[in-house]
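K.L.:
For this note's numbering, count along the sequence shown from 1 and bump the result up by 51. Please read through the structure below; I'll follow up with questions.
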Amino acid sequence: MLISSSTPKFRVAICGAGIGGLVLAITIGKFAGRDIHIDLYEAHDAITTAGAGISVSRRTAEVMVELGLHEKIPNPSPNYGLRLRKSNAPKGGFEWFYFIFETLKRGSAMHRKDLVDILMRSIPSSCTVHFNKRLTKYEKQSPGSLILYFADDSTSAADVLVGADGIHSSVRKTFFETIGPDTVDPSKIRYYSDPTWTGTLVYRSLFPAEKLSKLDPNNVALKDFIIFCGKGKHIVSYPVSQGTQINVAAYASDEQKAGTPFEGHWVSDVSLEEVEEAYQDFEPDAKRLLNCFEKPSRWALHVVNELPLFTCDRVALIGDAAHAMMPYCGAGAGQAIEDAFVLGRLLAHTLTTLDNVPAALKVYQDVRLPFTQFVARGSESTGKMYHFCAPGYYDGTDRGNEREEMEILKKKIIDQWDWESEGEGSAVAQWVKAERQLQEGSYNGGCEHGAS
């Protein structure tokens, strides 16, 4: 039972009411009661979400259990697995392999909006949500409070600021632009502040499964989680909303363009013809799947470069603001949830006071920064394998031993998927580690690089 004082011990401002920001508010509210007042600032006039499908992995599910939200998450299929196909064959590809994730017994795929709706209904009474509040910058005031500046010319004060404002994070931008040269090389400020284009375009659509069923009743994408692999590109497809909808993301990469500026809007509507043209060398099942696209959109896939730190004084970054990554492990949203859970538990802890908030944030950084960057690197590597572009592995060319080379690549991909067992094995275990470090009290806080 929580025993709350009449006056909160400090005020936390969360910029960004996406999945990470919502989970952070819920975690603080659950474990601190009204001891911490939360202001949740959302740039839009409502809480919305980009994208469609989301993977709820074992690690994510364990966080939901801790927060009392697990019963609201849809039950997974008893056989949660992936089918990978070699699909860059116009006359017909073949099944490469099928893999069941035995460690993901509570894992599932669900519509991103459904998860956001669950989280919105769980916002604690200690949290005030402010809409149409787009942060432009923040300033540190003496004796340590923070002043937040918004695009509507309003301001607000906070004791702790958490940037959950995504890949375009204004918190991250101010964070690195105002940090001292003794902490971060000034020549790298933009490298850390600005997202980087990966050279990859993603075509997305969500459409009724019935549409594909009528066009092609035996299409492999109707029931299973499928990855159609080809040289430099792949298509991910899986059912959501209890199988009534199919979510598709089709990736096309040009490694020569990685790191170059992307010209034009990052997200734009495109014609069905553009989508189909990009995969004209793929197998019939994949082409018929793409033919069902409704309102296709094209996304220029950007990431956040590896940051040297996630926290400084009383400011912290979580989720895409800290480590927007390639989506090939389906881990981005899950890692935001893990960040939020560990950070929220630390802030809510009885040992955390306004005076030692920087030390608590440093514990968060040391636990989460190395692991999230490990996952991001693994995700990038996995994508290269799907595209037959991983150095030293099968490159899509049949040299007479194609099956043998693909078997070697298969084993490496399966190894990559085992990333969930790393980092103490779960977010809950990471929290236990963080609490132990907080109790040891050996941190001074400030602005220090993360643990390596």
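No residue lacks a Cβ here, since even glycine has one placed at the ideal position from N, Cα and C. This one's a predicted model, so the numbers in the text were calculated from it and none came from an experiment.
Tell me whether N342 sits in a helix, a strand or coil according to DSSP, three-state version.
P.N.:
Of the three classes helix, strand and coil, the one that applies to N342 here is helix, per DSSP.
K.L.:
Below 8 Å on the Cβ atoms is my guess for G429 versus Q467; work out the distance and round it to an integer in Å.
P.N.:
About 6 Å; that satisfies the 8 Å criterion.
K.L.:
Taking P246 and H353 to be in contact with their CB atoms under 8 Å, please state how far apart those CB atoms are, rounded to whole angstroms.
P.N.:
So it is a contact: roughly 4 Å between Cβ atoms.
K.L.:
Any contact between the stretch 256-275 and the stretch 407-426? By contact I mean 3 or more CB pairs, one from each, below 8 Å.
P.N.:
Verdict: no, contact absent.
K.L.:
Who are the near neighbours of I286 in its chain, counting only those whose CB is closer than 6 Å to its CB and skipping five residues on each side?
P.N.:
Only F279, A301 and A337 meet the Cβ criterion.
K.L.:
Is S503 helix, strand or coil when you go by DSSP?
P.N.:
Confidence is the limiting factor: at S503 the pLDDT is only 44, short of 50, which leaves the residue's position unreliable and the question unanswerable from this model.
K.L.:
Leaving aside the five residues before and after F182 along the sequence, list all residues of the same chain whose C-beta is less than 6 Å from its C-beta, in chain order.
P.N.:
Counting only Cβ-Cβ distances below 6 Å, and skipping sequence neighbours, we find E93 and D96.
K.L.:
Per the contact definition of three or more C-beta pairs closer than 8 Å, is the stretch 384-394 in contact with the stretch 312-328?
P.N.:
The stretch 312-328 is not in contact with the stretch 384-394.
K.L.:
Name the DSSP bridge partner or partners of W350?
P.N.:
DSSP, once it has assigned bridges, lists V253 and V318 as partnering W350.
K.L.:
Note down, in chain order, each residue of its chain lying with its Cβ closer than 8 Å to the Cβ of M549, except the 5 sequence neighbours on either side.
P.N.:
Limits of the chain in this structure are 52 at one end and 503 at the other, which puts residue 549 out of reach.
K.L.:
With DSSP as the reference, label P237 as helix, strand or coil.
P.N.:
P237 falls in the helix class under three-state DSSP.
K.L.:
According to the Cβ coordinates, are S256 and K284 closer than 9 Å?
P.N.:
Against a cut-off of 9 Å, the Cβ pair of K284 and S256 comes out as no contact.
K.L.:
Spatial neighbours of F201 within its chain, please: C-beta separation below 7 Å, excluding the five flanking residues on both sides.
P.N.:
Once the five neighbours on either side are set aside, the close Cβ partners of F201 are K184, R185, L186 and T187.
K.L.:
Does the Cβ-Cβ distance between T234 and Y189 come in under 9 Å?
P.N.:
No, the pair does not count as a contact, with Cβ atoms beyond the cut-off.
K.L.:
In the structure shown, what three-state DSSP assignment does G143 receive?
P.N.:
G143: coil per DSSP, three-state reduction.
K.L.:
Which residue or residues does DSSP assign as beta-bridge partners of R280?
P.N.:
Correcting the residue type first, residue 280 is Cys in the shown sequence and not Arg. Paired residue(s): K137 and H285.
K.L.:
In terms of alpha-carbon separation, which member of Q293, T295, S220 and F145 lies closest to A372?
P.N.:
That would be S220, whose Cα lies nearest to the Cα of A372.
K.L.:
Bridge partners of Q296, per DSSP?
P.N.:
Paired residues: P259 and V291.
K.L.:
What does the Cβ neighbour count give for S193, buried or exposed, with the cut at 16 atoms within 10 Å?
P.N.:
Burial call: exposed.
K.L.:
Under 8 Å Cβ to Cβ from Y445, same chain only, skipping five residues before and after it: list those, please.
P.N.:
Here the set comprises F439, E453, E456, M457, I459 and L460.
K.L.:
Using 8 Å as the Cβ pair cut-off and three pairs as the minimum, do the stretch 63-82 and the stretch 388-405 touch?
P.N.:
Taking 8 Å as the limit for Cβ pairs, the verdict is that the stretch 388-405 does touch the stretch 63-82.
K.L.:
Near L266, which residues of its chain fall below 6 Å by C-beta distance, leaving aside the five closest residues on each side in sequence?
P.N.:
Only R339 meet the Cβ criterion.
K.L.:
Can you look up D90 in the DSSP assignment and give me helix, strand or coil?
P.N.:
Note: D90 maps to strand in three-state DSSP.
K.L.:
Leaving aside the five residues before and after R506 along the sequence, list all residues of the same chain whose C-beta is less than 6 Å from its C-beta, in chain order.
P.N.:
For residue 506 there is no data in the structure shown, the boundaries of the chain being 52 and 503.
K.L.:
Let me make sure I understand the geometry here. Which of A410, P359 and R241 has the alpha-carbon closest to that of Q488?
P.N.:
That would be A410, whose Cα lies nearest to the Cα of Q488.
K.L.:
Find the nearest neighbour of G195 within the set P335, D406 and A140, judged by alpha-carbon distance.
P.N.:
The option with the nearest alpha carbon to G195 is D406.
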